[in-house]
Amino acid sequence: MRTPNLLSPLTMRDLSARNRLWLPPMCMYCVPGDDGAVTDWHVVHYASRAVGGFGTLIVEATAVTPEGRLSPNDLGLWEESQVEGHHRIVDAVHAAGALAGIQLGHGGRKAGTPPMRPREKGARTSTIEGWELLAPSAVAYPEHAVPTELDETGIDHLVEAFTSAARRAVEAGYDIVELHGAHGYLIHEFLSPLSNFRTDSYGGSPQGRRRFLLRVVQAVRQAIGEEKVLDVRLSATDWADGGLTGQDTVELARQLAEAGVDILHVSTGGNVPAQVPAGPGFQLPFAAQVKEAVAGTRTQVVGVGLVETAAQAEQALVTGQADAVAVGRAALRDPYLPLRWAADLGVRSWQEAPWPIQYWRGTWH
Ligand SMILES: Cc1cc2nc3c(=O)[nH]c(=O)nc-3n(C[C@H](O)[C@H](O)[C@H](O)COP(=O)(O)O)c2cc1C
35 MRTPNLLSPL
45 TMRDLSARNR
55 LWLPPMCMYC
65 VPGDDGAVTD
75 WHVVHYASRA
85 VGGFGTLIVE
95 ATAVTPEGRL
105 SPNDLGLWEE
115 SQVEGHHRIV
125 DAVHAAGALA
135 GIQLGHGGRK
145 AGTPPMRPRE
155 KGARTSTIEG
165 WELLAPSAVA
175 YPEHAVPTEL
185 DETGIDHLVE
195 AFTSAARRAV
205 EAGYDIVELH
215 GAHGYLIHEF
225 LSPLSNFRTD
235 SYGGSPQGRR
245 RFLLRVVQAV
255 RQAIGEEKVL
265 DVRLSATDWA
275 DGGLTGQDTV
285 ELARQLAEAG
295 VDILHVSTGG
305 NVPAQVPAGP
315 GFQLPFAAQV
325 KEAVAGTRTQ
335 VVGVGLVETA
345 AQAEQALVTG
355 QADAVAVGRA
365 ALRDPYLPLR
375 WAADLGVRSW
385 QEAPWPIQYW
395 RGTWH
């Protein structure tokens, strides 16, 4: 039987993921203290999804500075003492045969909100009182506090914070560093004309608005070296009049490919509260657009967003919409999703499916 595309290896630089299924970053909101430190829950959660067959896992949004946390219960990598906990996640994920990546981010004007709790579906959260908000412009996200506009020194400090966190991620053993450039957080706020009203060299034109991200990319690439995979997550569109469009993202994608970015992880939205027209695979056309834009470079594209069946994921790969597919919420419900999807795609032998060898007796019927 032909190996399904979804189960064929994905090569990134010198690394090879065993398949093309990614666990996208998903905040667990469960750090109990104020220290951003990894807990046993994180280790168990990520290890379970690695045992469940994902080829690549991206650990949730991890803050590069304390005020950059999206909620007080987020992970951080802003100081050395936080490295050891991440080491535990990486070791557990590697032991189960998957690659480990981490998403580094800063919440910008949307930082410092209480985490969403059960039964609060759709509830708006606003800024925790006293939380320091930093952003490209002093314009609030609706119902949040007004952020302080970053000056040049503040921008330099944040470029350095991303770079140091990336260095710590390498120390912890991560294979992939993903920069959070999506969902209305700091990097996206710089990119979007809906949140960046600067008139200096960090705003004013698409190139100006891209400057912060391009500086971070350049510094992080240098810090992590040539062996590690550099990934940028983008919101390809703001889904709003006057906001970023797929065409803006196509141009940015080409620049990021040139700057040595290996993976573009294509999401959408988050910078305005407007309703996103979500449906099965709703973001995949944007991934396809980006993939076309970077054709001929070594940059590869991960598609994401309501991909909830094996057939749908395989179709996205076979038709060339993406090089890999990330599956989020469905994998919260089922850590063994990749193993079940392998069976759905007709893989019957344990050698071909991504079952851990320790479980092979359980694959007999
Ligand atoms: C609980 C939860 C937490 C999330 N946290 C993050 C995050 O930390 N960083 C990020 O870029 N996206 C985050 N997302 C978005 C997911 O990575 C993903 O893009 C989104 O859920 C769409 O994929 P899906 O339809 O397969 O779930 C989160 C989603 C959920 C459900």
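If you're matching positions, the sequence shown starts at 35 in the numbering used here and goes up one per residue.
Backbone N, C-alpha and C fix where the C-beta goes; we use that ideal spot for every residue, glycine too.
All values derive from a computational prediction rather than experimental measurement.
Opposing strand residues paired with residue i [DSSP bridges]
{"i": "G188", "result": "Beta-bridge pairing links G188 to no other residue."}
{"i": "Q137", "result": "E212"}
{"i": "R267", "result": "H214 and H299"}
{"i": "L168", "result": "T182"}
{"i": "I92", "result": "G135"}
{"i": "T45", "result": "S50"}
{"i": "L109", "result": "T96"}
{"i": "G337", "result": "V300 and V359"}
{"i": "L57", "result": "L91"}
C-alpha gap between residue i and residue j, whole angstroms
{"i": "N305", "j": "E205", "result": "32 angstroms"}
{"i": "A293", "j": "L248", "result": "8 angstroms"}
{"i": "L286", "j": "G142", "result": "21 angstroms"}
{"i": "P59", "j": "E94", "result": "4 angstroms"}
{"i": "A134", "j": "I92", "result": "6 angstroms"}
{"i": "L228", "j": "D378", "result": "43 angstroms"}
{"i": "G67", "j": "A203", "result": "21 angstroms"}
{"i": "A97", "j": "G146", "result": "11 angstroms"}
{"i": "V341", "j": "F316", "result": "9 angstroms"}
{"i": "L49", "j": "Y208", "result": "12 angstroms"}
{"i": "A364", "j": "V328", "result": "29 angstroms"}
{"i": "V193", "j": "H178", "result": "24 angstroms"}
{"i": "T197", "j": "C61", "result": "21 angstroms"}
{"i": "T159", "j": "M150", "result": "8 angstroms"}
{"i": "V352", "j": "W384", "result": "23 angstroms"}
{"i": "T99", "j": "H121", "result": "19 angstroms"}
{"i": "R46", "j": "I258", "result": "Arg is not the amino acid found at residue 46; the sequence shown has Met there. Going from the Cα of M46 to the Cα of I258 covers about 15 angstroms."}
{"i": "W165", "j": "P106", "result": "10 angstroms"}
{"i": "G218", "j": "G362", "result": "19 angstroms"}
beta-carbon residue i near ligand 1 non-hydrogen atom, thresh 8 angstroms
{"i": "R255", "result": "no"}
{"i": "R143", "result": "no"}
{"i": "C64", "result": "no"}
{"i": "A360", "result": "yes"}
{"i": "P148", "result": "no"}
{"i": "A95", "result": "yes"}
{"i": "V338", "result": "yes"}
{"i": "A364", "result": "yes"}
{"i": "P59", "result": "yes"}
{"i": "H217", "result": "yes"}
{"i": "E223", "result": "no"}
{"i": "H214", "result": "yes"}
{"i": "G139", "result": "yes"}
{"i": "E118", "result": "no"}
{"i": "V341", "result": "yes"}
{"i": "R374", "result": "no"}
{"i": "S301", "result": "yes"}
{"i": "L91", "result": "no"}
{"i": "L104", "result": "yes"}
{"i": "R267", "result": "yes"}
Whole-Å CB distance - residue i paired with residue j, under 8 angstroms assumed
{"i": "T90", "j": "W112", "result": "With 8 angstroms as the limit, T90 and W112 do not qualify as a contact, their Cβ atoms being about 24 angstroms apart."}
{"i": "L109", "j": "V72", "result": "6 angstroms"}
{"i": "L225", "j": "L278", "result": "6 angstroms"}
{"i": "L41", "j": "A376", "result": "6 angstroms"}
{"i": "V254", "j": "A200", "result": "4 angstroms"}
{"i": "P170", "j": "E183", "result": "7 angstroms"}
{"i": "F231", "j": "V173", "result": "6 angstroms"}
{"i": "G280", "j": "Q323", "result": "5 angstroms"}
{"i": "L220", "j": "H140", "result": "4 angstroms"}
{"i": "G86", "j": "P372", "result": "6 angstroms"}
{"i": "A195", "j": "A130", "result": "Not a contact, Cβ separation roughly 31 angstroms."}
{"i": "V335", "j": "A350", "result": "In fact, because the Cβ distance is near 10 angstroms, the residues do not count as touching under 8 angstroms."}
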